[in-house]
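Remarks on the structure that follows.
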Amino acid sequence: MRRIVIKVGSNVLTREDGTLDVTRMSSIVDQVVKLQKNGFEIVLVSSGAVACGRSMLKTSSKLDSVEQRQLFSAIGQVRLVNLYYNLFKDYGISIGQVLTMKESFSTRREYLNQRSCMEVMLQNKVIPIVNENDTVSVTELMFTDNDELSGLVASMMDADTLIILSNIDGIYNGSPKSPKSSVIQKVEPSEDLSKYIQTEKSGFGRGGMITKCTIARKVAEEGIKVMIANGKKDNILVDLLLSDNPPIHTEFIPNPQGVSSVKKWIAHSGGFAKGSVKVDDNAVKALKGKTAVSLLLVGVTEVLGEFEEGDIINIMDKDSKVVAVGKASYDSEEAVANIGKHDCKPLVHYNYLYLL
């Protein structure tokens, strides 16, 4: 059984006027059903709640952007899931709604609870429909966009492949509007794409190609194949996964070694770090060596912020550049008391350390 996480963006599910494209949504459902019948397990990360709400209600101009988002998503999510329910019901397939927030990935317990919930759905051939809980997420608690959420879900669920559907064919080596530009079809783990990435945000979403590229690279480094493709193309999902001649898209080659489930969680947890430590050059060199090593307190030069044992912390070099994240084996007070000491247990064991 091959496990696929599919992210459907706002620009795929909306028309030019910003309303929901039910025809496109129905096409996505038809393809997901066909993939499930061909042995795939599918988790669907779907945008579209705000677009649903926007088309259902006219609001006062007095509402600010956060209030509008909360209102539109509150009424739109109901309609969005109801549409998915009816479309999948026609095939005799059940769905389950999973609304989550960024902070729900910050602790190992909540992380595992979410994973367990979706695992039991998949075991019973129920398709999880995942979205951010925009009604309670405010700016500082929000995902960058559903690209970030889909990367977290793919990592959490040990997916084989993450497919990010956008409204263009992939990452171009120039402006997608230029006839001289072409799609970069394969991206190796060490390949630098910064000079190609367009900075424009998507028309009805919060993110853009920069976010997609960043998430894709991180997920591929964890051993998961990532495809960025055009969700506006008919039969795109089936052609990507079942055709001998798939359509043009950008594919991020996965790291063949992969990482453990715990390290996948840690890899995405840098944004939840409770504190930081600075380390000397020797420690940085050791951490980046070919052999996996733990972070010892003898190499720590400074402890910043307050954290408890078991919290995620950032590990920085002398120039304050984050080189790794990990789970602390000490609280900050005990770490300060033991800075520079030999013969102490590691501050971060290598099993709980992820290099950036």
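If you read the sequence shown in this note's numbering, its first letter stands for residue 187, the second for the next number, and so on.
Using N, Cα and C, we set each Cβ at its ideal position, and we do this for glycine too.
Pull up the CB-CB distance for residue i and residue j, whole angstroms please, since I reckon it's below 8 Å.
| i | j | result |
| --- | --- | --- |
| residue 452 | residue 498 | 7 Å |
| residue 466 | residue 504 | 7 Å |
| residue 274 | residue 215 | 6 Å |
| residue 480 | residue 539 | 7 Å |
| residue 372 | residue 289 | Their Cβ separation, rounded to whole angstroms, is 35 Å, which puts residue 372 and residue 289 out of contact at 8 Å. |
| residue 184 | residue 487 | The question about residue 184 has no answer, for the chain in this structure spans 187 to 542. |
| residue 459 | residue 489 | Contact doesn't hold; Cβ gap of about 13 Å is too wide. |
Rounding to the nearest angstrom, what Cα-Cα distance links residue i and residue j in this structure?
| i | j | result |
| --- | --- | --- |
| residue 364 | residue 419 | 19 Å |
| residue 493 | residue 512 | 12 Å |
| residue 370 | residue 416 | 14 Å |
| residue 210 | residue 239 | 17 Å |
| residue 526 | residue 483 | 5 Å |
| residue 523 | residue 304 | 42 Å |
| residue 388 | residue 396 | Note on residue 388: pLDDT 48, under 50, position unreliable in the model; no value is reported. |
| residue 183 | residue 515 | This structure cannot speak to residue 183, because the chain is shown only from 187 to 542. |
| residue 361 | residue 349 | 22 Å |
| residue 262 | residue 234 | 8 Å |
| residue 495 | residue 518 | 8 Å |
| residue 221 | residue 230 | 12 Å |
| residue 422 | residue 536 | 41 Å |
| residue 390 | residue 446 | Confidence in residue 390 is poor, its pLDDT being 42 and thus under 50, which makes the residue's placement unreliable; the coordinate value appears in the next sentence. Cα to Cα, the separation comes out at about 35 Å. |
| residue 197 | residue 296 | 30 Å |
| residue 203 | residue 258 | 15 Å |
| residue 276 | residue 212 | 11 Å |
| residue 449 | residue 470 | 19 Å |
| residue 428 | residue 218 | 12 Å |
| residue 319 | residue 285 | 5 Å |
| residue 392 | residue 531 | Here the model assigns residue 392 a pLDDT of 42, short of 50, so the residue's position is not dependable and the matter cannot be decided. |
| residue 442 | residue 435 | 21 Å |
| residue 199 | residue 191 | 17 Å |
| residue 425 | residue 398 | 21 Å |
| residue 562 | residue 414 | The structure shown does not extend to residue 562, since the chain spans only 187 to 542, so no value can be given for it. |
| residue 477 | residue 260 | 49 Å |
| residue 312 | residue 468 | 50 Å |
| residue 310 | residue 279 | 10 Å |
| residue 528 | residue 485 | 9 Å |
| residue 366 | residue 351 | 23 Å |
| residue 405 | residue 457 | 16 Å |
| residue 400 | residue 412 | 11 Å |
| residue 402 | residue 195 | 15 Å |
| residue 269 | residue 340 | 24 Å |
| residue 377 | residue 244 | 46 Å |
| residue 345 | residue 308 | 12 Å |
| residue 292 | residue 335 | 13 Å |
| residue 206 | residue 241 | 7 Å |
DSSP puts residue i in a beta bridge; with which residues?
| i | result |
| --- | --- |
| residue 302 | Looking at the DSSP assignment, residue 302 forms no beta bridge with any residue, so it has no partner. |
| residue 502 | 464 and 508 |
| residue 188 | 226 |
| residue 314 | 282 |
| residue 438 | 373 and 412 |
| residue 348 | 191 and 412 |
| residue 200 | 206 |
| residue 232 | 194 |
| residue 534 | 481 |
| residue 513 | 498 |
How about residue i and residue j: do their beta carbons lie closer than 8 Å?
| i | j | result |
| --- | --- | --- |
| residue 281 | residue 315 | yes |
| residue 355 | residue 193 | no |
| residue 407 | residue 375 | yes |
| residue 357 | residue 379 | yes |
| residue 353 | residue 232 | no |
| residue 510 | residue 473 | yes |
| residue 152 | residue 491 | Since the displayed the chain opens at 187 and closes at 542, residue 152 lies outside it and no answer follows. |
| residue 342 | residue 301 | yes |
| residue 225 | residue 188 | yes |
Following the continuous alpha helix (DSSP H) through residue i, name the residue where it begins and the one where it ends.
| i | result |
| --- | --- |
| residue 405 | 395-407 |
| residue 332 | 332-342 |
| residue 239 | 235-242 |
| residue 450 | 447-453 |
| residue 525 | From DSSP, residue 525 is part of no alpha helix (DSSP H); its letter is neither H nor E. |
| residue 430 | Where residue 430 is concerned, there is no enclosing alpha helix (DSSP H), given that its DSSP letter is neither H nor E. |
Which stretch, first to last residue, makes up the beta strand (DSSP E) that contains residue i?
| i | result |
| --- | --- |
| residue 354 | No beta strand (DSSP E) holds residue 354; DSSP gives it neither H nor E. |
| residue 416 | 411-416 |
| residue 486 | 486-490 |
| residue 541 | 539-541 |
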